[in-house]
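Chains as they are written, first to last, in full-length UniProt numbering: chain A, 1 to 155; chain B, 1 to 155.
For glycine and all other residues, C-beta sits at the position ideal for the given N, C-alpha and C.
Taking it in order: structure first as structure tokens, then the write-up.
Number of protein chains: 2
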Amino acid sequence: MLDEQHVAITDSEWELMRAVWTLHRVSTRQLIDIMQKERHWADSTTKTMLRRLIKKGAITQVGETRPYDYVPAVKEQDSMDTAAQDLFDHMCAMRTGNTLAAVIESRDLSQADIAKLQKILNEKAKTAPEMVACNCLPQGMGADCMTEGGERNGQ
Amino acid sequence: MLDEQHVAITDSEWELMRAVWTLHRVSTRQLIDIMQKERHWADSTTKTMLRRLIKKGAITQVGETRPYDYVPAVKEQDSMDTAAQDLFDHMCAMRTGNTLAAVIESRDLSQADIAKLQKILNEKAKTAPEMVACNCLPQGMGADCMTEGGERNGQ
DNA sequence: TCTTTCTGACTACAGTTGTAAACTAAGAAT
DNA sequence: ATTCTTAGTTTACAACTGTAGTCAGAAAGA
């Protein structure tokens with residue numbers, strides 16, 4: 001399984017993928033019903049999404065007989081991690097911490113999740129810098145953007 | 001400033017916005033130079049992006065005289081937080097923790113950032129559930145997706 | 001003032017995304 | 001075997017994106 005990795009999944013497609021990932025193996029019928037209940041999609045909309053995801057290599061069609069089945073071709077956790085990393089990649093490094101704080105604060109996390117994050121943070125604290133610089137401009141361009149406190153003009 | 005909030009910023013637009021946010025107030029010329037150095041954009045590409053962002057309400061044109069200036073109309077931290085929340089909103093809640101772990105692990109965070117996150121986590125730990133359920137399917141549809149360990153078939 | 005140079009505004013255009021109708025070939029029912 | 005019903009395949013289409021060329025009106029220079 002030479003994992004084609006890095007399939008770009010769009011907003012709407014995420015919904016379909018979640019169903020496929022969760023059920024491991026689904027029929028078009030199941031997907032149509034789920035998406036209908038969840039997003040009020042017309043049958044054809046689900047079919048189109050399914051077809052696009054297959055072309056993109058995110059889903060694989062399986063089975064010989066006619067009502068085929070569909071299984072995920074990419075891993076859910078990988079896709080999630082990649083999507084998140086990609087997002088943070090184009091946001092100011094100096095503000096990453098704040099955004100992470102906002103997300104963590106608003107999400108339900110299990111005891112195990114929290115323990116895991118705490119462990120990572122403790123480890124990271126050992127070598128963390130006093131402050132992270134803004135990386136929004138190509139070097140040389142524009143006066144350096146941060147003020148004394150490490151906080152850019154508090155908006 | 002009746003903050004129109006919730007302007008959807010696209011991938012390419014993020015780059016332009018970062019420059020505007022960082023410089024607080026810029027001229028078209030500056031932006032063109034920055035984007036040229038950073039993304040090899042043609043002058044017109046930068047102009048188009050700028051114009052679209054203005055129309056979207058993410059940037060405001062200021063000044064009376066001809067070479068106008070441009071200032072952000074939405075706050076950077078808000079936009080970042082919103083984008084991150086939106087992303088996590090359509091991903092499996094059960095796996096959020098893992099993705100956050102991946103992101104935290106790969107990012108540079110300052111001592112202050114880490115301290116802040118640790119504080120939030122400690123607080124959260126007090127009331128965190130033993131496990132977070134998968135929320136990928138409309139209730140009722142499909143067998144519940146998690147196995148004993150709280151981990152869906154380890155992919 | 002006349003010409004050159006910016007810079008702001010409009011146009012272009014292919015590819016993607018969100019949504020969905022239409023058509024066709026397999027199975028299922030009669 | 002004939003017809004009905006699914007399920008898979010094509011086509012549609014407007015809005016949005018990434019990229020960029022063109023043109024007209026201001027500013028600046030000659």
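- Item | Unbroken alpha helix (DSSP H) run spanning residue 69(B), endpoints | The residue given as residue 69(B) occupies position 69 in the second sequence. Here residue 69(B) belongs to no alpha helix (DSSP H); instead the beta strand (DSSP E) covers 69 to 72.
- Are residue 101(A) and residue 134(A) touching if we call contact CB-CB under 8 Å? For the purposes of this step, residue 101(A) is taken as residue 101 along the first sequence, with counting starting at 1. For the purposes of this step, residue 134(A) is taken as residue 134 along the first sequence, with counting starting at 1. It is not a contact, given that the beta carbons lie outside the stated cut-off.
- Item | Member of 71(A), 13(A) and 105(A) whose CA lies at the smallest distance from the CA of residue 60(A) | Along the first sequence, read from residue 1 onward, the residue named residue 60(A) stands at position 60. Minimum Cα distance to residue 60(A) is reached at 71(A).
- Where are the beta strand (DSSP E) runs, 3 residues long or more, that stay fully inside the segment 2 to 86 of chain A, in chain order? 59 to 62 and 69 to 72
- Message: I'd like to know if residue 11(B) contacts chain A, where contact means its C-beta is closer than 8 Å to some C-beta of that chain.
- Response: In the second sequence, the residue the question calls residue 11(B) occupies position 11. Yes, residue 11(B) lies at the interface with chain A (some Cβ there is under 8 Å from its Cβ).
- Task: Compare the C-alpha of residue 62(A) against each of 8(A), 15(A) and 25(A) and name the closest.
- Result: Along the first sequence, one-based indexing puts residue 62(A) at 62. Residue 25(A) is the option with its Cα nearest to residue 62(A).
- Query: Are the beta-carbon atoms belonging to residue 46(B) and residue 137(A) less than 8 Å from one another?
  - Reply: What you label residue 46(B) is simply residue 46 of the second sequence in a count that begins at 1. What you label residue 137(A) is simply residue 137 of the first sequence in a count that begins at 1. Their beta carbons are not under 8 Å apart, which means residue 46(B) does not touch residue 137(A) by this criterion.
- Item | Start and end residues, alpha helix (DSSP H) containing residue 139(A) | Within the first sequence, the letter at position 139 stands for residue 139(A). Here residue 139(A) belongs to no alpha helix (DSSP H), and DSSP marks it neither H nor E.
- Message: Can you give me the C-alpha to C-alpha distance between residue 56(A) and residue 130(A), rounded to a whole angstrom?
- Response: Counting from 1 along the first sequence, the entry for residue 56(A) is found at position 56. Counting from 1 along the first sequence, the entry for residue 130(A) is found at position 130. Approximately 43 Å, taken between the alpha carbons.
- Message: Just verifying my parser: in three-state terms, what is the DSSP assignment at residue 133(A)?
- Response: Start at 1 with the first residue of the first sequence, and residue 133(A) comes out as number 133. Residue 133(A): coil per DSSP, three-state reduction.
- Message: 8 Å is my cut-off, CB to CB: does residue 141(B) come that close to chain A?
- Response: Along the second sequence, read from residue 1 onward, the residue named residue 141(B) stands at position 141. Answer yes: the Cβ-Cβ gap between residue 141(B) and chain A drops below 8 Å somewhere.
- Task: State the DSSP-derived secondary structure class of residue 91(B), mapped to helix, strand or coil.
- Result: For the purposes of this step, residue 91(B) is identified with residue 91 of the second sequence, where counting begins at 1. Coil.
- Residue range of the unbroken alpha helix (DSSP H) whose run includes residue 110(A): To locate residue 110(A), count along the first sequence from 1; it is residue 110. Per DSSP, residue 110(A) lies in no alpha helix (DSSP H) segment and is marked neither H nor E.
- Expressed to the nearest angstrom, what Euclidean distance is found between the alpha-carbon atoms of residue 123(A) and residue 132(A)? Taking the first residue of the first sequence as 1, we reach residue 123(A) at position 123. Taking the first residue of the first sequence as 1, we reach residue 132(A) at position 132. Approximately 17 Å between the Cα atoms of the pair.
- Using CA coordinates, which residue listed in 66(A), 75(A), 81(A) and 104(A) is at the minimum distance from residue 82(B)? Numbered from its first residue, the second sequence carries residue 82(B) at position 82. Checking every option, the nearest Cα to that of residue 82(B) belongs to 104(A).
- Query: Using CA coordinates, which residue listed in 128(B), 96(B) and 27(B) is at the minimum distance from residue 66(B)?
  - Reply: The residue given as residue 66(B) occupies position 66 in the second sequence. Ranking 128(B), 96(B) and 27(B) by Cα distance to residue 66(B) puts 27(B) first.
- Item | 6 Å CB neighbourhood of residue 8(A) in its chain, flanking five on each side removed | Here the question's residue 8(A) lines up with position 8 in the first sequence. Listed in chain order, the non-local C-beta contacts of residue 8(A) below 6 Å within the same chain number zero, local neighbours out to five positions each way being set aside.
- Task: Measure the alpha-carbon distance for residue 41(A) versus residue 114(B) and round it to whole angstroms.
- Result: Position 41 of the first sequence, counted from the first residue, corresponds to residue 41(A). Position 114 of the second sequence, counted from the first residue, corresponds to residue 114(B). Between residue 41(A) and residue 114(B), the C-alpha separation is close to 42 Å.
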